[in-house]
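Going left to right, the sequence shown walks through residues 2 to 228 as this note's numbering numbers them.
Just so it is clear, CB atoms sit at the ideal spot from N, CA and C, and this is done for glycine as well.
For clarity, every value in this text was computed on a predicted model and none was experimentally measured.
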Amino acid sequence: MSTILITGANRGIGYETARALITEGHTVWLGCRDEARGERAADELGGRFVRLDVTDDASAQAAAATVGQLDVLVNNAGLLEPPTHIGNLTSDLVHQIFDTNVFGAVRVTTAFLPLLSESTRPAVVNVTSSIGSLAKSADPDDEFAAYPQDVYRASKAALNMFTVQYAKAYPAMRINCVDPGLTATDMMGGQVGQPPAQAAATVAKVALLGPDGPTGQFLGADGVVPW
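So this is what it looks like as structure tokens:
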């Protein structure tokens with residue numbers, strides 16, 4: 002069985018991914034910024050809580066010291082901006098979204114790489130989105146081509162590129178990005194998409210890829226997603 006850390010795990014896809022992996026017998030750390038919510042979620046699921054603010058370098062390093070041993074890192078924490086016309090974007094808004102969705106994943110990955118390097122089956126899963134696909138975004142016939150959150154799109158495209166570069170730099174690890182699909186989470190207003198548990202099944206499947214599994218791939222419920 003594996004020891005797994007999931008960021009942003011106190012609700013939504015992260016919470017349900019933790020539930021799925023704990024049910025299979027894995028040791029799961031729930032990394033959450035809010036201590037009360039994180040501890041409550043860990044208690045509900047039978048997991049372990051570690052305080053982790055992905056926007057803070059010291060917090061990421063402290064979390065790694067607490068966890069101590071790790072096989073799989075799931076970078077799930079994310080932010081979605083309110084619909085804003087691209088002509089009205091501010092640098093502050095862009096930085097806010099990127100600080101969690103991109104810089105946060107880099108911070109946490111950097112902090113946990115030493116632990117992952119000691120694992121016999123290390124893996125990193127970056128939770129992304131098909132709307133971060135350049136190919137799909139450029140296709141006017143794609144169902145999400147007109148999706149309005151431009152900063153979120155760009156942040157996921159950047160995360161996808163980091164996934165590829167990490168996979169090339171660490172060939173002994175399985176490093177992939179996964180699109181769980183449109184999901185009815187709190188972040189999405191809870192009104193549109195599949196149940197979080199269904200999305201979590203896709204994330205959990207990628208998290209448990211063995212040493213002979215793919216790496217440097219953009220994966221979804223139906224297979225490979227175009228870049």
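The beta strand (DSSP E) enclosing residue i, as first and last residue numbers
i   : result
I5  : 4–8
L31 : 28–33
L1  : The chain is shown from 2 up to 228; residue 1 falls before or after that span and cannot be answered.
V51 : 49–52
Spatial distance of residue i from residue j (CA atoms)
i    : j    : result
L160 : P123 : 19 Å
L22  : V179 : 16 Å
T203 : M2   : 19 Å
Q166 : G26  : 31 Å
P115 : A43  : 25 Å
A61  : V103 : 14 Å
L90  : T24  : 42 Å
A19  : H86  : 35 Å
Contact check, residue i vs residue j, beta carbons under 7 Å
i    : j    : result
F50  : L74  : no
D58  : R12  : no
G39  : A78  : no
T121 : L71  : no
A201 : E17  : yes
L210 : R175 : yes
G217 : A158 : no
L31  : A10  : yes
S131 : V226 : yes
I14  : T129 : no
Minimum C-alpha distance to residue i - residue among the options
i    : options                : result
P84  : F163, K169, Q150, P115 : Q150
D35  : T8, S138, G47, T24     : T8
D54  : G88, D100, H96, H86    : D100
F163 : I14, I132, T111        : T111
Q97  : G214, T129, Y153       : Y153
Residue range of the alpha helix (DSSP H) that includes residue i
i    : result
T216 : Counting along the chain, T216 falls outside any alpha helix (DSSP H), and DSSP gives it neither H nor E.
R12  : Careful: R12 lies outside any alpha helix (DSSP H) and carries neither H nor E.
P197 : 197–208
- At which residue ranges does the segment 57–116 contain complete beta strand (DSSP E) runs of 3 or more residues, listed in the order of the chain? 73–76
- Message: As an exercise, report each continuous alpha helix (DSSP H) stretch of at least 4 residues that is fully enclosed by the segment 122–174, in chain order.
- Response: 135–138, 151–170
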